[in-house]
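Trainee:
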Amino acid sequence: MSVPNMNYTTFINYIANQDLLPNVQTMSNRLNLSSRKIYYLLQSANSDLRSSNLPFLAPNTRITQNQIAVLKAKLSHVPSDDYINSYERQLIIDICLALPLKKWTLSAFQTLFSVSRNTVLRDISDLKKRETFKPVFSKKSGFEFSEPLYDSFVHAYNGLALLQSHKNALSYFIRSLDKHIPYSKFLLISEKLKNMYQDSLGKKISISNALTLTIFSTLASLYSELDPIAQESLFTSADVVSFTKRKENDIINDFSMITKTNFSLDMPDAVKLFLTLQLLSVTKEQDNHFSARAFQDLLVVSHEIVKAFVLTSDINISQAEQEVLTRKIQTQLKPFWYSSKYQSITVYDYLYHNETFEKYVTDALSKITNRSLYQRLFPFGLLTDQISILAMIFYNFSLSHEKIHKLHILMVTSLPIYSQNLFETLIKRSSSAPCELSIVSLNDFENSSNEPNQFDLIITESTEIATKQPTFLIDSELSDSEFDRLKMVISQINVTKKEESLT
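Using UniProt numbering, you'd call the opening residue of the sequence shown number 1 and step up by one each time.
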């Protein structure tokens, strides 16, 4: 049921006290809900009645005790927050059509989501706007995709990985499997896979990755029961030999026995190999078999990228720093190469986009002299997100090598010591720029060696300090507004200094 539980509970309790179902406008007024929301709640109730083979509720028709009994019984099993949005519905439709377990029609999706026909039509229409994986309808098969099987596996796995951060939507998808396996059981089996991996290899995978692998294994195994999958349709013989030698494959074989016992499903060899590949990919950076030292070709490409970046960006960098940066780029290229070679799934989150550095990386890639080596490693080049990740590495390096410009502030004052200390703390702790503060007594200033024009800012209560530099005159009474004014002045001077350093 795709409605917030509170509204639905109120709706069911209201109609339970009626002999005839009131019209929509009356219910809208009584429940203080929009007419559209009432239609939505009514549709959700009828979806529950449909599953129990009872007649639908309709305005001005009699409500039976059987209908109320079923609705209240189902109400006790409704999750407290079961609403899913359009993006989540489309994600579920994506997975359902990638590896379909039944004929998916508009009415089938209506039943799954408890939404109107027009809502499903809008979701399908949005998916048709894509370049690939566009839903195609036929009377024989319903909605389906026309992409190759391996691509469909990748697409479904990718969708499940994205669903992990949408628990309600994930629960909806689990219902679509028609295996009556509760989410809690998937979670339990996933925990076993997580522990098996750590016990066997001494490495960790997240429960999110383990849950994705577990649910995908169920989906792919169910799909294989309907349409048997040969491993040759997914992998070359060389890949099969390579994967079966891996310890990860042994883990998946053991895991398949657990899923068989708990889910009564036989996992085909093709699915085991695909899961082996994904298990390799989720922790590939920790994998000694795929360590950076083993990829001398990637080292060559990384060196060229760094060299081209230095020339393009005109950043001053020592030879030792270039070598460190080359290793960092090589380490990051390793999973990129793995994804390119095996088309494994990687969802890149929390990216920072800096157009300048992304352009530096793009230009650097275009200037690689050994083009044949680069194209052999990355036949389709690097993805936009991968370029952004390399740009983040270079940008981080650039930030760490920026010279820190301190503001030099001279305070010439006869303020009491407690007031001076307050100023000093506020300047050092509250300003937007690193500051170096010198304090001189106003009475001793003429005899001091401090030259005001050598400082970025003068702070004083005197109007007799001769200087060309900005001067902050202290008011006769200290206040928050006075300190805020000082912070603003320091901030403005800092911006000016930065701009001057760039020219």
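Even glycine gets a Cβ: it sits at the ideal position worked out from N, Cα and C.
(1) For M411, which of helix, strand or coil comes out of DSSP?
(2) Please report how far the alpha carbon of D199 lies from the alpha carbon of F186, in whole angstroms.
(3) What are the start and end residues of the alpha helix (DSSP H) that includes G159?
(4) How about Q231 and L273: are their beta carbons less than 7 Å apart?
(5) What is the residue span of the beta strand (DSSP E) that S438 lies within?
(6) Measuring alpha carbon to alpha carbon, tell me which residue in R327, L377 and V310 is nearest K359.
(7) For the alpha helix (DSSP H) containing S138, list its first residue and its last residue.
(8) For the segment 88–105 against the segment 36–52, are there 3 or more C-beta pairs whose distance is under 8 Å?
(9) Can you find the residues in the same chain that come closer than 7 Å, C-beta to C-beta, to N494, ignoring five residues on each side of it along the sequence?
(10) L234 by DSSP, collapsed to three states: which one?
(11) Nearest to D297 by CA position, among S318, S264 and L333, is which residue?
(12) According to DSSP, T471 sits in a beta bridge with which residue or residues?
(13) DSSP state of E144, grouped into three classes?
(14) What's the C-alpha gap between I215 and N370?
(15) Give the range of the alpha helix (DSSP H) segment to which T374 is assigned.
(16) In three-state DSSP terms, what is L20?
(17) Return helix, strand or coil for R130, following the three-state DSSP convention.
(18) If you draw a straight line from the alpha carbon of T362 to that of S281, how long is it in whole angstroms?
(19) Any chance you could list the alpha helix (DSSP H) runs of at least 4 consecutive residues sitting entirely within the segment 193–280, in chain order?
(20) For the segment 257–266 against the segment 218–232, do three or more pairs of beta-carbon atoms, one drawn from each stretch, fall closer than 8 Å, so that the two count as touching?
(21) Check whether the Cβ atoms of F145 and L97 sit closer than 7 Å, and answer yes or no.
Mentor: Reading off the structure:
(1) Strand, per DSSP.
(2) Rounded to the nearest angstrom, the two C-alpha atoms are 20 Å apart.
(3) That run of the alpha helix (DSSP H) goes L149 to L163.
(4) Going by C-beta atoms, Q231 is nearer than 7 Å to L273.
(5) C435 to S441 is the span of the beta strand (DSSP E), which, as asked, contains S438.
(6) Between K359 and the set R327, L377 and V310, the nearest pair of CA atoms involves V310.
(7) First-last for S138: V136 to S138, but that is the beta strand (DSSP E), not the alpha helix (DSSP H).
(8) The answer is no - the segment 36–52 does not touch the segment 88–105, with fewer than three Cβ pairs under 8 Å.
(9) Hits under 7 Å: L407, S432 and A433.
(10) It is coil, neither helix nor strand.
(11) Out of S318, S264 and L333, the CA that lies nearest to the CA of D297 is found in L333.
(12) In the DSSP secondary-structure assignment, T471 is bridged to I458.
(13) In this structure, E144 counts as strand in the three-state DSSP scheme.
(14) Taking the straight line joining both Cα atoms gives about 43 Å.
(15) Going by the sequence as given, residue 374 is Tyr instead of Thr. Looking at the DSSP string, the run of the alpha helix (DSSP H) that includes Y374 is R371 to L377.
(16) In the structure shown, L20 sits in a strand (DSSP, three-state: E or B).
(17) Three-state result, R130: coil.
(18) Distance between the alpha carbons of T362 and S281 is about 26 Å.
(19) For secondary structure counted as the alpha helix (DSSP H) over 4 or more consecutive residues, the segment 193–280 holds these complete runs in sequence order: 207–226, 237–244 and 247–263.
(20) Yes, since at least three Cβ pairs between the segment 257–266 and the segment 218–232 fall closer than 8 Å, the two stretches touch.
(21) Against a cut-off of 7 Å, the Cβ pair of L97 and F145 comes out as a contact.
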